[in-house]
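What follows is a short report on a single structure.
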Amino acid sequence: MPNTTLRPSPYGYVPTLYVCILYVVLFSLSTLAHSVQAARARLWWLFPTIVAGGLAEVIGWAGRLWSSKSVDNLNPFLMQITTTIMAPSFMTAANFLILGIIISRLGTQYSRLSPRLYSIVFITADVVALVVQAVGGGMASVAVQKRPPGDPEKGARIMVGGIVWQLAAMTVYVALALEFFLRVRLDKPQHGFGFAQGSKLSLQITALFLSTLLIYMRSIYRTVELLDGWTGRIITTEVYFNVLDAMPITLAMFTMNLLHPAWLLYGKGTGTHPKAGFEMMETDREARVEHDGEGQ
22 MPNTTLRPSP
32 YGYVPTLYVC
42 ILYVVLFSLS
52 TLAHSVQAAR
62 ARLWWLFPTI
72 VAGGLAEVIG
82 WAGRLWSSKS
92 VDNLNPFLMQ
102 ITTTIMAPSF
112 MTAANFLILG
122 IIISRLGTQY
132 SRLSPRLYSI
142 VFITADVVAL
152 VVQAVGGGMA
162 SVAVQKRPPG
172 DPEKGARIMV
182 GGIVWQLAAM
192 TVYVALALEF
202 FLRVRLDKPQ
212 HGFGFAQGSK
222 LSLQITALFL
232 STLLIYMRSI
242 YRTVELLDGW
252 TGRIITTEVY
262 FNVLDAMPIT
272 LAMFTMNLLH
282 PAWLLYGKGT
292 GTHPKAGFEM
302 METDREARVE
312 HDGEGQ
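Residue numbering for the sequence shown follows this note's numbering, beginning at 22 and increasing consecutively.
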């Protein structure tokens, strides 16, 4: 459809059809794979985390695909702006839980927080970020849909607040995680999993590092994008979004497909760990009992 026949695009450009199809396919494949992997291993906590994040990306990119054919329709634009901003919040929740399990395996004595407290503190922070982003997205959507259109900048600033909050929580999480791994490395524990090169746990730590780094990089981009304004140069340049938002999240999701907790934390025998989703809490409880016993 020639651009001259369209009213001004809310994007500042027309989303490229083949790029939209590519990311719809990639996110759909990864999300489907995560669903199967989680179900077979009975890791139910992956469904409201990384699977939900993948579904949000599929919806967002389906909206962009719709926009490529109907760029003057505000509905797909609003659909994609909200879902693609919120999606990584679900994925970071999975990373928080995975770190808690790793801490349980390597030794809670090396961590400032117990695995359970990691879950409570950081998932609560993640939920707050998600709610703030949703509120901001809703306000921006209402403003854009008004006749005449209102100013979406207030909603955009609220979304920035949610992303900045998420970045702050991730920064604290990364700092605590690095301290934990450093203390384990320096202590060189003789028992447990350790850091043997090529071990499954080491691969899971690598996957966690890569996933967190990719999501962190993307969050910095989205913060700068929204601070630049709803009609700024960054948000109205398609290649920035494709490369700095979609690509890192795609890589993060496929990293966790290939280096999956079902294999790296629980072994290849999927379906043999019906209580795997609760191991973090149980192992933490056992570690505390053992520690208390040694102190007596």
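All C-beta atoms, glycine included, are put in the ideal place defined by N, C-alpha and C.
Helix, strand or coil for His281 per DSSP? The residue labelled residue 281 in the question sits at position 260 within the sequence shown. Coil at His281, not helix or strand.
Take Gly84 as the anchor and find which of Gln130, Pro36, Thr52 has the nearest alpha-carbon. Here residue 84 is taken as the residue at index 63 of the sequence shown, counted from 1. Taking only the C-alpha atoms, the option nearest Gly84 is Pro36.
Go ahead and label Asn96 buried or exposed: buried means 16 or more other beta carbons lie within 10 angstroms of its beta carbon, across all protein chains shown. As a position in the sequence shown, residue 96 is number 75, starting the count at 1. The residue in question, Asn96, is exposed, as its Cβ has fewer than 16 Cβ neighbours within 10 Å.
Using only CA atoms, which one of Ile119, Glu78, Asn94, Gln130 lies nearest to Tyr287? Looking up residue 287 in the sequence shown gives position 266. With distances taken between Cα atoms, Tyr287 lies closest to Ile119.
Going along the chain, which unbroken runs of the beta strand (DSSP E) with 3 or more residues stay wholly within the stretch 142-167? none
Where Gly171 and Gly33 are concerned, what is the direct C-alpha to C-alpha distance, given to the nearest angstrom? Within the sequence shown, numbered from 1, the residue matching residue 171 stands at position 150. Within the sequence shown, numbered from 1, the residue matching residue 33 stands at position 12. Whole-angstrom Cα-Cα distance: 17 Å.
Best match in Leu247, Pro69, Pro109, Val79 for proximity to Gly176 [C-alpha to C-alpha]: In the sequence shown, the residue the question calls residue 176 occupies position 155. With distances taken between Cα atoms, Gly176 lies closest to Leu247.
Length of the line joining the Cα atoms of Val40 and Leu285: Against the sequence shown, residue 40 aligns to sequence position 19. Against the sequence shown, residue 285 aligns to sequence position 264. Roughly 33 Å separates the two Cα atoms.
Cβ pair Ser240, Ile184 closer than 8 Å: Counting from one through the sequence shown, the residue named residue 240 turns up at place 219. Counting from one through the sequence shown, the residue named residue 184 turns up at place 163. Contact: yes.
In angstroms, rounded to a whole number, what distance separates the CA positions of Val45 and Ile80? Against the sequence shown, residue 45 aligns to sequence position 24. Against the sequence shown, residue 80 aligns to sequence position 59. Rounded to whole angstroms, Val45 to Ile80 spans 8 Å at the Cα level.
Val264: buried (16+ other C-beta within 10 angstroms of its C-beta) or exposed? By one-based count along the sequence shown, residue 264 stands at place 243. So Val264 ends up on the exposed side.
Spatial distance of Pro282 from Val148 (CA atoms): Numbered from its first residue, the sequence shown carries residue 282 at position 261. Numbered from its first residue, the sequence shown carries residue 148 at position 127. Computed Cα separation, rounded: 22 Å.
At which residues does the alpha helix (DSSP H) containing Val79 begin and terminate? As a working note, residue 79 is residue 58 in the sequence shown. First-last of the alpha helix (DSSP H) with Val79: 73-90.
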